[in-house]
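Report on one structure; see the data block that follows.
Numbering (the working numbering), first residue to last: 4 to 276.
Written as structure tokens, this is what we have:
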């Protein structure tokens, strides 16, 4: 993970059901080291914004100083956030319906290794249905407009888009740009502001302030110093454009429908209704 949003996702957390006895389930959650590092860094940045450090205005203390003084607090906040986020996700992925608040029974977190959680939860009891074969249920039908179907088709095209080498020589606002970069502030290198092969969506609202404007017009293998804002402070990214890509949507045809498991486009549209 880097400083920018992208279409590609890093490793995902792993969820596993360890034991099920009656309505009690024990499960494990494993969060990859990179995701742990990113969350811890996010918490350090949040601490930096509100910490009061002698000799510095609020929010202006150097990041390295914040790390030294508040590493424990940032780590604790990161753990709380990961539990808050990934325990419900684990329940959803494992199709567990809790009736009580899950309990984290064990936490294993060694520096540079995955965070491993063991969670216990009480779930809805399984009841086998009986004597239901003769029950008649009336199914209500709700009309779905052509506009709604078309909108859903466009969502599916976006979800199945691919990136290809752009025909244009220079970066525009519609492109995706692969870059190598290093960051600095006041001439000093920023350890966390560096990366290779980072994919930048030029239309994203999550980019560093100044980055998109600086990339506009750059060509492949061009190198440029781009003024940006990092954590509200002036910084410079030394950027090399490695590749320029365009997003290509699949054609709305029978091949697209087949890729989604439907025999034809008409049957796909019918399914969406």
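In this text, a Cβ means the ideal position worked out from N, Cα and C, and glycines have one as well.
| When you compare only the Cα positions, how much space is there between residue 69 and residue 48? | In a straight line, the C-alpha of residue 69 is about 9 Å away from that of residue 48.
| query | How far does the alpha helix (DSSP H) with residue 55 in it reach, from first residue to last? | reply | Neither: residue 55 is in no alpha helix (DSSP H) and is coded neither H nor E.
| field | Rounded separation between residue 184 and residue 226 - CA only | value | Residue 184 and residue 226 have their C-alpha atoms some 9 Å from each other.
| Coarse secondary structure for residue 240, derived from DSSP in three states | Strand, per DSSP.
| field | Contact with chain C by residue 135, beta-carbon distance below 7 Å | value | In the structure shown, chain C cannot be found, because there is only a single protein chain.
| From 169, 127, 42, 82, residue whose alpha carbon lies closest to that of residue 24 | When only C-alpha atoms are compared, the closest one is 127.
| query | In its own chain, which residues sit with a C-beta less than 7 Å from the C-beta of residue 78, not counting the 5 before and 5 after it? | reply | Counting only residues of its own chain and dropping the five nearest sequence neighbours on each side, residue 78 has a CB closer than 7 Å to the CB of 43.
| query | What number of angstroms, rounded off, separates the C-alpha of residue 104 from the C-alpha of residue 124? | reply | Whole-angstrom Cα-Cα distance: 7 Å.
| Nearest neighbour of residue 82, chosen from 53, 34, 72, 101 [CA to CA] | Selected option, being the one with the closest Cα: 34.
| When the Cα of residue 168 is compared with those of 217, 55, 177, which residue comes out closest? | In terms of CA proximity to residue 168, 177 leads the group 217, 55, 177.
| message | Looking at the strands, I want to know which residues DSSP matches up with residue 111. | response | Per DSSP, 119.
| said: Given 6 Å as the limit, tell me if residue 233 has its C-beta closer than that to any heavy atom belonging to the ligand PLP. | reply: The ligand PLP is absent from the structure shown, which contains no ligand whatsoever.
| said: In whole angstroms, give me the CA-to-CA distance for residue 166 and residue 251. | reply: Taking the straight line from one Cα to the other gives about 6 Å.
| field | Straight-line gap, residue 220 to residue 31 (C-alpha atoms, nearest Å) | value | Each residue's alpha carbon lies about 48 Å from the other.
| query | Going by the beta-carbon positions, is the gap between residue 211 and residue 180 smaller than 7 Å? | reply | For the 7 Å CB-CB criterion, residue 211 and residue 180 do not form a contact.
| Assumed close pair residue 188, residue 237 - CB separation to whole angstroms, cut-off 8 Å | Cβ-Cβ separation between residue 188 and residue 237: approximately 7 Å, consistent with a contact (criterion under 8 Å).
| task | Out of 201, 233, 157, state which residue places its alpha-carbon closest to the alpha-carbon of residue 192. | result | That would be 233, whose Cα lies nearest to the Cα of residue 192.
| Alpha carbon to alpha carbon, what distance is there between residue 162 and residue 100? | Straight-line spacing of the CA atoms in residue 100 and residue 162 works out to 29 Å.
| request: State the CB to CB distance for the pair residue 222 and residue 244, rounded to an integer number of angstroms; the pair is presumed to be in contact (CB under 8 Å). | output: Contact annotation, residue 222 with residue 244: C-beta distance approximately 7 Å; criterion of less than 8 Å satisfied.
| field | Beta carbon of residue 257 nearer than 7 Å to that of residue 268 | value | Residue 257 is a Cβ neighbour of residue 268, given a cutoff of 7 Å.
| message | Rounded to whole angstroms, what is the Cα-Cα separation between residue 254 and residue 172? | response | Between residue 254 and residue 172, the C-alpha separation is close to 25 Å.
| message | By the three-class DSSP mapping on this structure, what secondary structure does residue 193 have? | response | The answer is strand: DSSP assigns residue 193 an E or B state.
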